[in-house]
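Chemist: Quick one: the structure is below, and I'll ask about it shortly.
Numbering (the working numbering), first residue to last: 205 to 429.
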């Protein structure tokens, strides 16, 4: 019988968070606790906990979850926050780091974070520079194991109004992906369900270290070549 892994999911209402909950259904080897600001419908057949509170109390909720593994799928866009860079950093930088630190304090040995392809500390692109800065600071928290996922375009059905650029991107992504070869393969798109399966496959991994995963590593983990 597999050892039970306690997972705390932070960012349960987003595209990837919801996909993780769906993929966790019927997984007897994990105990999933999701943390969110508002209630969301649970997948049919889900056997999990959901803790609801404002973000100011998330550290307490994370502590209550007693996680072995923390999964952070938080993220917004510059457009969503009306171009307000401070508002963007408040979520993608401040809240991510606060939750990661809380998970460390709660005893989590592993942290899995959804970042972005191209994340780089000091990048001229604001979005990518923030992602890179966060990755750098997460490494300094010294989890036994840190898994940073750097997907390209995320494909799936989001809540709320459709983002025109993303909608167009999802339409053309199958063809665009084929054109991305060599070092550009890392920019290929990934389905929300596939990334969720990668997250759950990594959860509970015993090998220590700092790992960065791109598209080809996702495919290897999923056994898709």
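Positions of the beta carbon are idealized from the N, C-alpha and C atoms, including for glycine. Since we're looking at a predicted model, the values are computed, not measured.
Measuring alpha carbon to alpha carbon, tell me which of 269, 222, 329 and 314 ends up nearest residue 248.
Modeler: It is 222 whose Cα lies nearest to the Cα of residue 248.
Chemist: Return the chain-ordered list of same chain residues with a C-beta closer than 7 angstroms to the C-beta of residue 395, the five sequence neighbours on each side being excluded.
Modeler: Answer for residue 395: 359 and 360, listed in chain order.
Chemist: Out of 418, 218 and 251, state which residue places its alpha-carbon closest to the alpha-carbon of residue 387.
Modeler: Ranking the options by Cα distance to residue 387, first place goes to 418.
Chemist: Going residue by residue through the region 257-341, where are the continuous alpha helix (DSSP H) segments of at least 4 residues, counting only ones entirely within it?
Modeler: Within the region 257-341, the complete alpha helix (DSSP H) runs of at least 4 residues are 262-269, 289-293 and 300-309.
Chemist: On a Cα-Cα basis, can you pick out the residue from 289, 349 and 322 that is closest to residue 308?
Modeler: Here the closest residue by C-alpha is 349.
Chemist: Just tell me which of 389, 427, 219 and 304 has its CA closest to the CA of residue 273.
Modeler: Considering only alpha carbons, the answer is 304.
Chemist: Which two residues bound the contiguous beta strand (DSSP E) that contains residue 413?
Modeler: Element bounds for residue 413: 413-417.
Chemist: Closer than 6 angstroms by C-beta to residue 415: which residues in its own chain qualify, once you throw out the five before and the five after it? Chain order, please.
Modeler: Contacts found: 351.
Chemist: Flag this pair as yes or no: are the beta carbons of residue 252 and residue 237 separated by less than 8 angstroms?
Modeler: Cβ atoms of residue 252 and residue 237: closer than 8 angstroms.
Chemist: Any idea if residue 399 is buried or exposed, counting beta-carbon neighbours within 10 angstroms, 16 or more meaning buried?
Modeler: Buried, because 16 or more other Cβ atoms sit within 10 Å of the Cβ of residue 399.
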